[in-house]
Structure formats: structure tokens, C-alpha cells
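K.L.:
Going down the list, the protein sequences come from chains R and S. Sequential numbering from 142 applies to the first sequence in the working numbering. Sequential numbering from 5 applies to the second sequence in the working numbering. Cβ atoms here follow ideal geometry from the backbone N, Cα and C, with glycine treated the same way. Supplied in C-alpha cells, the structure appears directly below.
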Amino acid sequence: MSDSHGAHGGALAHHFEDLEQQREAHTLGMWAFLVTEVLFFGGLFGAYAVYRSSYPQAFANASNQLDHVLGGINTAVLIGSSFTMVLAVHAAQLRRKWQIFGWLWATIVLGAVFLGVKYVEYHHKWEHHLVPGPNFLFEGQPGGSEQLFFALYFSMTGLHAFHMVIGAGVLIWLSVLALKGRFDEPGRNAVEMAGLYWHFVDLVWIFLFPLLYLLGRHQ
Amino acid sequence: MSAAGPIPGPIPAPSPALGRASRENYLTADYSWRSWLLTVDHKRIGILYLLSVTGFFFLGGLFAVLLRLELATPQGDLVQAETYNKLFTMHGLVMIFFFLVPSIPGVLGNFFVPIMIGAKDMAFPRLNLLSWYVYMIGGLVSFLAIVMGGVDTGWTFYAPYSSTYANSNVALTAVGVFITGFSSILTGLNIIVTVHKMRAPGMTWFRMPLFVWAHYATSLIMILGTPVLAITILLLALERLFHIGIFDPKLGGDPVLFQHLFWFYSHPAVYIMILPAMGVISELVAAFSRKRIFGYSFVAFSSLAIAVLGFLVWGHHMFLSGQSVYAGVVFSVLSFLVAIPSAVKVFNWAATLYKGSVLLSTPMMYVLGFLGLFTIGGLTGLFLACLGLDVHVHDTYFVVAHFHYIMVGGAVMAFLGGLHYWWPKMFGRMYPEALGKFSAVVVFIGFNLTFFPQFLLGYLGMPRRYHAYPEEFGVLNVLSSAGASILGIGYLLPMVYLIWSLRYGPAAVQNPWGAKGLEWEKAPTPPPTFNFDATPVVTQEAYAYADDLPAEPTRPEASYV
Numbered sequence: 142m143s144d145s146h147g148a149h150g151g152a153l154a155h156h157f158e159d160l161e162q163q164r165e166a167h168t169l170g171m172w173a174f175l176v177t178e179v180l181f182f183g184g185l186f187g188a189y190a191v192y193r194s195s196y197p198q199a200f201a202n203a204s205n206q207l208d209h210v211l212g213g214i215n216t217a218v219l220i221g222s223s224f225t226m227v228l229a230v231h232a233a234q235l236r237r238k239w240q241i242f243g244w245l246w247a248t249i250v251l252g253a254v255f256l257g258v259k260y261v262e263y264h265h266k267w268e269h270h271l272v273p274g275p276n277f278l279f280e281g282q283p284g285g286s287e288q289l290f291f292a293l294y295f296s297m298t299g300l301h302a303f304h305m306v307i308g309a310g311v312l313i314w315l316s317v318l319a320l321k322g323r324f325d326e327p328g329r330n331a332v333e334m335a336g337l338y339w340h341f342v343d344l345v346w347i348f349l350f351p352l353l354y355l356l357g358r359h360q
Numbered sequence: 005m006s007a008a009g010p011i012p013g014p015i016p017a018p019s020p021a022l023g024r025a026s027r028e029n030y031l032t033a034d035y036s037w038r039s040w041l042l043t044v045d046h047k048r049i050g051i052l053y054l055l056s057v058t059g060f061f062f063l064g065g066l067f068a069v070l071l072r073l074e075l076a077t078p079q080g081d082l083v084q085a086e087t088y089n090k091l092f093t094m095h096g097l098v099m100i101f102f103f104l105v106p107s108i109p110g111v112l113g114n115f116f117v118p119i120m121i122g123a124k125d126m127a128f129p130r131l132n133l134l135s136w137y138v139y140m141i142g143g144l145v146s147f148l149a150i151v152m153g154g155v156d157t158g159w160t161f162y163a164p165y166s167s168t169y170a171n172s173n174v175a176l177t178a179v180g181v182f183i184t185g186f187s188s189i190l191t192g193l194n195i196i197v198t199v200h201k202m203r204a205p206g207m208t209w210f211r212m213p214l215f216v217w218a219h220y221a222t223s224l225i226m227i228l229g230t231p232v233l234a235i236t237i238l239l240l241a242l243e244r245l246f247h248i249g250i251f252d253p254k255l256g257g258d259p260v261l262f263q264h265l266f267w268f269y270s271h272p273a274v275y276i277m278i279l280p281a282m283g284v285i286s287e288l289v290a291a292f293s294r295k296r297i298f299g300y301s302f303v304a305f306s307s308l309a310i311a312v313l314g315f316l317v318w319g320h321h322m323f324l325s326g327q328s329v330y331a332g333v334v335f336s337v338l339s340f341l342v343a344i345p346s347a348v349k350v351f352n353w354a355a356t357l358y359k360g361s362v363l364l365s366t367p368m369m370y371v372l373g374f375l376g377l378f379t380i381g382g383l384t385g386l387f388l389a390c391l392g393l394d395v396h397v398h399d400t401y402f403v404v405a406h407f408h409y410i411m412v413g414g415a416v417m418a419f420l421g422g423l424h425y426w427w428p429k430m431f432g433r434m435y436p437e438a439l440g441k442f443s444a445v446v447v448f449i450g451f452n453l454t455f456f457p458q459f460l461l462g463y464l465g466m467p468r469r470y471h472a473y474p475e476e477f478g479v480l481n482v483l484s485s486a487g488a489s490i491l492g493i494g495y496l497l498p499m500v501y502l503i504w505s506l507r508y509g510p511a512a513v514q515n516p517w518g519a520k521g522l523e524w525e526k527a528p529t530p531p532p533t534f535n536f537d538a539t540p541v542v543t544q545e546a547y548a549y550a551d552d553l554p555a556e557p558t559r560p561e562a563s564y565v
């Protein structure tokens, strides 16, 4: 970008004293960012809590419309992707270029599988008029408070899916960097930071799945 | 006598260019447009913020002028009610999201937090630049919404009016505010990491200037509160565009939920606006009393206390919104608690003045204005936190006067004071002191004339957000409008003479105020790109004035011949 910023052969940016300081700053920055993400999703979780307690029966009925098998498969896929992500971070620490590349792509593919399944689910909802809006129908009736459940379902899982797309983009970029041989300290840290983000997004799903698919299901 | 020696040596004659000094500084390092628009230097980004917040300030001010013109007469003769609704909405939106929130952190915080802790730059210089671009994109989107006909929901975007019924550019404005929020998040994140990880050797937490503490507390609010605003605005946009029902009572949605989510950010946002101002005041009080600030650690922790308590009081905006009475009681009590750390600050500033060697310079005059006005604004806030009294004054001009005493009498006064104080460091030029004092007085008089009558109007029952009013409110409204014109002059004056001083002001020495702090003692004027010639090593507490207190305070006027 600029003449002097990011000079010093690429590893250490000019304004840091040493690599250790740079690594700590990046790590703290990532954690602070994840805190903002918690609050970002937090508003939706708050809305969910309010409406679930206001309309428990409608939420249970609406929840029954979700495909818990697909949801369960997706949960497994996502946990698997976190595992491959950890292996990518491990490979980065060992500076094994092809392993980093391979595990990053395994993670990306699992993420894509998740999004594909999500697409199938969304498509079903669309066909059954379960997307909130003027065309919403629940068991043949125009929207009651069941619509609120689906409004939250689409907002929450949509926002989650959006985060996965961003995450996959970052991982693709890192895999290119890995091939270019960026095994120096900041490059290694970057894989770790992306890992933190990926695990966070995974963790959001770990909350979304029971709240949306399972809770009150058999009522 | 140390580096704080009061009397500057012979003043070099002002020369046409800023770079009169032989050494290169951040301003003279490169003159190209590209070097400004792609800069990652926190000081240049601060200047970019200064230019943009000034632009938005005068845009918001223009709306205020139109509002006060309309209210000069009881009838609605200048604008229609609908236009008036748009004017007060856009005044609020521009002033809050595009001026007050980014003003002190974006300009003074960006410029001075790294210097005050002895760092070469923010922890994330590119993110810093990105935050300015995000701010500008959000600002331009909102500006586009204004140009395309404006928005009339009030800056609070209350549902279901905003989500279902409003017939103005709600969605586009909301997108602008949504985008700008991320700028705030990025700034906050950057400051937090900078304060944690970039401090110079010896700069312990309790040697940090209180300006840095205040910015740290502000940044905590920015990263914790702003994402909630973002999601709220997103839900509002979804509701408006797709009618998903989340705030629509017809579908079981609850408009009060919108208010809860909105104020969860927007009440702490008040502290995003005032905490950095308090940081500025702490610096100025110490510098112009030539005394260590009284109760340093209390002032530092009161910033954090305000940041934490600020998250627990949002319900006091909703006493009349159908929220439960018990919630109202709790929110009322918690709101009273915020008064404690705020009062700790005011008392400690007053105690710093006591037996200090006070110099009534321009920045100090803004400080004294701040102390009085903030105290009035804060105490009237307690009136509003009373469940009973709030019923009487809710949504009246009493509320309008209250928050203008905090936002304008507090935050804007501090911003102007800070801008004068650090102007020599930022640009290497002194501003004209006599004019500075004069306009500080004009601002103070104009402000009080504008807003004090509004307390009376509100108490007498004049509701806010109407373009016409009964005859009997006429006198007080005329006073208020007259005051607004004086206040306007008070704001135009500094802009004129500060710009004038860039070219014709006397050259500033490194430490024209004889003040303590790395920005004065170690950083050249104006600072070079990396701020210091060598990484400073800190061996003293902040504001260590006592040891070398000169017999007479510095008189920078001496440099005007």
C-alpha cells in the first residue's frame, strides 16, 4: 500500500518493535473482532429468546417444519470442518506447505457441503411458502406468529451462512498464500487467526442447531 | 528548567509553507493526493477525519438553522410539517452518526492516542484507513438518501413507523448508518489493541494520560454496542423490504423489541460521544492548571465505570413505551448510578483547578464552559431518570435541552477545546489567541441562549418534534432561535481563523503550552511520520507538573508580536 508500511522484507510491519508484539496484536485484534461478532449475533439471539417465550406453541409447531436430519448432517459436516481447520493450523506451525493447502481445501469443501445442504433446505422452505413475507403460509393459513420463527430462522441461518462464505473466501486466499510459501511468522499466524474465525462461526451453528431444529420439537 | 521551559525562544518569522522547518514531518513527507487518500499514517487519517466530520457538522448545523428559523414563529410558515419532520430527523442523524460519534475518537483519538503512548502508529494502520473509507461510504449513502428526499422517522427509526408506514428513504438511510457503524467498530478495535500492545517501554497502564483511558473505555462501548445497532438496523431493513413481521404487531412482532435493541446501542452511544470529551477535558485541566490531575486513578476508573454502567440503563428511554414498571424502577436506579462516576470526574477536575496555576487560554475557556454545561446536562438527566417526573417532561423540549447540554455543551465544547489545544502540534501553527477566547465566549453565550429556554419550554409542556406551537411559547422560542444564530457565529469563527492560521499563524514550538505528555515533550512539531525520533522511554507518571512548576504559567500570547 504505502512506501514504508509493511516494508522490512514483509515479515515485520514498521510500526511494531518485534514479531512477538505483532503476533500478540493480531491475536488480540482477532479476539476483539470475535467479541463484536458475538454481540452482532446476540441481538438475534435476544429477539429469539423474547419471541420464543411469547409464543412457545407457535415456535414448537414451526420448528417441526425444519428437517432435523439435514440439520444434523450439517452439524456433523461443520464440526468435521473445524477438525480439518485445526489440522491446517497444525500444519502451518510445522510449515508444511502442501499439508496446509490440503487441510485448508478440505475445510473449504466441507464448508461448501454445508452451504449446499443449506441451499436444499432453503429451497424446501421456499416451495412450502415458509419464507416470511406476503406469500407466507403455515399449514395453509396466512402467517401467524409462526412467521416470526421463520423470520428468525432465515435471519440467523442466513447471517451464519454469510459468515461461512466470508470464511471460505479467506481460506481460499490463505491457501494461495500457502502455495506461495508464506511460512514466515505472520503467515503462520494468519492461518491461526482464520482458524479462530472459522471455529467461531462453527460455534454459532452449535447454538443455532438445537435452538431452531430441536427445542420443543416433539411438543 | 526542563523541556517544559515556558518561554519559547525567538519565534521564526512565519513562512509561506508549512514545511518551514528543515526537518520533514508527516505533512511534508509527500504532497500527492495519492499519499493522502492511501495513507496509513494515523495522523493523516486523523486529518481526513477532521475534514469530513467538519463537513458533516456544518451540514447538520444547516438543518438546525432551518429548524430554528421555522420555530421563530408559532405558525408553521417556513416549512410544512412533513418537511420539518425530515429536517429534525436529518439533523439528528448527521450530528450523531456522522459528527459526534466519530469526531473526537476519529480526529483527536486517531492523532494522539498512539503518540501519547509512545507508539509509531495504530496497531492496524490499514484497518484505520479502512475505517475512514467505511465512514465516508456510509456518510455518502446517507447523504444520497437526504438528497433524494430525506427521511422523516426521527434519528431513532422507531418501528413500526419506520418499518411499515414511513414514506421516505428509510432503507437507504438505514444502510448508510449500518455501514458507518462498522467504521466505529474498526476504530474501537484498533484503539483497544493499540493501547494493549503498542505502549512504549515504561508506559504502564497507570502512567497513561487520561485521554487514553477515556478512549479505551469508549472503544469498549464501540465494539460491544455497535454490532447490536448493526443487527437492529438489519432487522429493520428486512422488515421494511420483505415484511418479515419481526417488529410488526399484526404478525405478533413487538415494536418495543426494536426500542430495546436500538437503545441497547444508542444509550451507550451517548457515552461514546461524551467519554472522549471527558478525556480531552482531563488533559486540558491538568495542562492549564499546571497540576497533576486530582485523583488520577479515580478519573481513569470512572471512565470504565461509565462504560459498564452505560450498558445497563437503556430502558430509561422507554419509561412510557409499555415496558414493565419493575423494569422501569431498575432502569431508573441504575441511571442514577451513572451520576456517580460522572460526578467523580467533575469534582476531580474542580479539585485540580483548586490551587492550580490556572491559565485562561482558549482551550481552558472551553473547559470551564464544559464543566458548567456538562453539570447542568448531567443533573437534568437525573430529573429525566425519575420515573414520576419523566412522565411530565417525556418527549418535551426539556429532553431536547438536556441532551444538547451533554452533546453540544459537553462533547462539542471539548472537541473545540481539544482542537485548539492540539492545533499547534497538528499543524505547527498557533491560532490567534484573542480571537480564540472571543469565540469561546460567543459559543458559551450562544449555547446557553439557545438551549436554556428549551428547559423552560419543556417544563411548560411544549412537545418536541412539532413545527408549530401555541402563542404563549413564542418569547422563549424567539430567544432560542436568536441564541442559535449567535452559536452559529461562534462555530464559524474558529473554522475561519483556524484555517487562516495554517498559513499566517505564528510558528509553534515543540511545546508551546509547557505541557506534560509524550506528544509535547518528545514528539517534534508537527510530528514526523513515525512520531518520534527514537522510541521514547517513559519514566514518569502522567501530568508530573509538580517537580518543575514554573513561577508563572506559560503565556503563549508572548509569541504574538
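With burial defined as no fewer than 16 other Cβ atoms inside 10 Å of the residue's Cβ, what is the status of R/L235: buried or exposed?
P.N.:
Flag for R/L235 reads exposed.
K.L.:
For chain S, check one thing: does any of its Cβ atoms lie closer than 7 Å to the Cβ of R/V121?
P.N.:
Nothing in the structure corresponds to residue 121 of chain R, since chain R is present only between 142 and 360.
K.L.:
Is S/R48 helix, strand or coil when you go by DSSP?
P.N.:
Looking at S/R48 - three-state DSSP - the assignment turns out to be helix.
K.L.:
Sorted by chain position, which residues of the same chain lie with C-beta nearer than 6 Å to S/F215's C-beta, five sequence neighbours on each side aside?
P.N.:
G283 and E287.
K.L.:
Is there a Cβ from chain S that is less than 7 Å from the Cβ of R/L169?
P.N.:
Taking Cβ atoms only, chain S reaches closer than 7 Å to R/L169, which makes this a yes.
K.L.:
Kindly give me the distance between the Cβ atoms of S/R469 and S/F67, rounded to whole angstroms, as I take these residues to be in contact under 8 Å.
P.N.:
In fact, because the Cβ distance is near 13 Å, the residues do not count as touching under 8 Å.
K.L.:
At 7 Å on the CB atoms, spell out the chain S contacts of R/H304, in chain order.
P.N.:
Here the premise fails: no neighbours, minimum Cβ distance about 13 Å.
K.L.:
Is the Cβ-Cβ distance between S/P231 and R/T177 less than 7 Å?
P.N.:
Contact: yes.
K.L.:
Counting only the same chain and skipping the five closest in sequence on each side, list residues whose C-beta sits under 6 Å from that of S/G229.
P.N.:
So the list reads Y269 and P272, once near-sequence residues are dropped.
K.L.:
What residues are listed by DSSP as bridge partners for S/R433?
P.N.:
Paired residues: S/A511.
K.L.:
Between the beta-carbon of S/Y358 and the beta-carbon of S/I380, is there less than 7 Å?
P.N.:
No; because the gap between Cβ atoms is not below 7 Å, this pair is not in contact.
K.L.:
So S/M126 packs on S/N29, CB below 8 Å; how close in whole Å?
P.N.:
That pair is no contact at about 18 Å.
K.L.:
Ends of the alpha helix (DSSP H) at S/H271?
P.N.:
Start and end: P259 to S293.
K.L.:
Excluding sequence positions up to five away, which residues of its chain have a Cβ less than 7 Å from the Cβ of S/M430?
P.N.:
If we look at S/M430 and ignore the five residues flanking it on each side, its Cβ neighbours are F115 and P530.
K.L.:
Which of the three DSSP states, helix, strand or coil, is assigned to R/F279?
P.N.:
Looking at R/F279 - three-state DSSP - the assignment turns out to be strand.
K.L.:
Give me the Cα-Cα distance between S/G392 and S/Y401, rounded to the nearest whole angstrom.
P.N.:
The alpha-carbon atoms of S/G392 and S/Y401 are separated by roughly 17 Å.
K.L.:
Would you call the CB atoms of S/L491 and S/P457 closer than 7 Å?
P.N.:
No, the Cβ-Cβ distance between S/L491 and S/P457 is not below 7 Å.
K.L.:
Have a look at the DSSP bridge pairing and note the partners of S/T400.
P.N.:
S/P467, per the DSSP bridge assignment.
K.L.:
Should the region 248-265 of chain S be called in touch with the region 161-168 of chain S, which here means at least 3 C-beta pairs below 8 Å?
P.N.:
Yes: the two stretches touch, three or more of their Cβ pairs being nearer than 8 Å.
K.L.:
Among R/L251, R/A166, R/R237 and R/N205, whose alpha-carbon lies nearest the alpha-carbon of R/A302?
P.N.:
Among R/L251, R/A166, R/R237 and R/N205, the Cα nearest to that of R/A302 belongs to R/L251.
K.L.:
Note down, in chain order, all residues in the region 260-292 of chain R with a beta-carbon under 7 Å from any beta-carbon belonging to chain B.
P.N.:
Given the protein chain composition of this structure (R and S), no chain B is represented.
K.L.:
Where do the N-terminal and C-terminal ends of the alpha helix (DSSP H) with S/F215 fall, by residue?
P.N.:
Taken as a continuous stretch (DSSP letters only), the alpha helix (DSSP H) holding S/F215 covers L214 to F246.
K.L.:
Between S/W159 and S/L97, what straight-line distance do the alpha-carbon atoms span, to the nearest angstrom?
P.N.:
Each residue's alpha carbon lies about 5 Å from the other.
K.L.:
Closer than 7 Å by beta-carbon distance: list the chain S residues that pair up with R/E165, in chain order.
P.N.:
Simply K201.
K.L.:
Can you give the beta carbon distance from S/L522 to S/M212, rounded, assuming they're within the 8 Å contact cut?
P.N.:
Not confirmed; about 10 Å, so no contact.
K.L.:
Would you check whether the ligand FMN has a heavy atom nearer than 6 Å to the C-beta of S/L255?
P.N.:
Within the structure as shown, the ligand FMN is missing, as the structure has no ligands at all.
K.L.:
Pull up the distance between the alpha-carbon of R/H231 and that of S/Y549, whole angstroms please.
P.N.:
Roughly 53 Å between the two C-alpha positions.
K.L.:
Leaving out five residues before and five after R/S223 in sequence, what residues of the same chain have Cβ atoms less than 7 Å from its Cβ?
P.N.:
For R/S223, where only same-chain residues beyond five positions count, the Cβ hits under 7 Å are W339, H340 and D343.
K.L.:
At a Cβ threshold of 7 Å, is R/G184 touching chain S?
P.N.:
Answer yes: the Cβ-Cβ gap between R/G184 and chain S drops below 7 Å somewhere.
K.L.:
If we define contact as Cβ-Cβ less than 7 Å, is S/K47 a contact residue for chain R?
P.N.:
No, S/K47 does not count as interfacial toward chain R.
K.L.:
Could one say the Cβ of S/I227 lies closer than 7 Å to chain R's Cβ atoms, at least one of them?
P.N.:
Yes, S/I227 counts as interfacial toward chain R.
K.L.:
How is S/I318 classed by DSSP in three states: helix, strand or coil?
P.N.:
The question names Ile, but residue 318 of chain S is Trp in the sequence shown. Residue state, collapsed to three classes: helix.
K.L.:
Which parts of the region 365-395 of chain S are runs of the alpha helix (DSSP H), unbroken and 4 residues or longer, counting only runs that do not cross its ends?
P.N.:
If we require 4 residues or more, the alpha helix (DSSP H) runs fully inside the region 365-395 of chain S come out as 366-389.
K.L.:
Among the candidates R/L320, R/Y294, R/A335 and R/P351, whose CA atom is the shortest distance from the CA of R/G308?
P.N.:
Of the candidates R/L320, R/Y294, R/A335 and R/P351, the one whose C-alpha sits nearest the C-alpha of R/G308 is R/A335.
K.L.:
Which chain R residues are close to S/A123, counting only those with a beta carbon under 9 Å from its beta carbon?
P.N.:
Under the 9 Å cutoff, chain R gives H156.
K.L.:
The alpha helix (DSSP H) spanning S/V329 covers which residue range?
P.N.:
V329 to L357 is the extent of the alpha helix (DSSP H) around S/V329.
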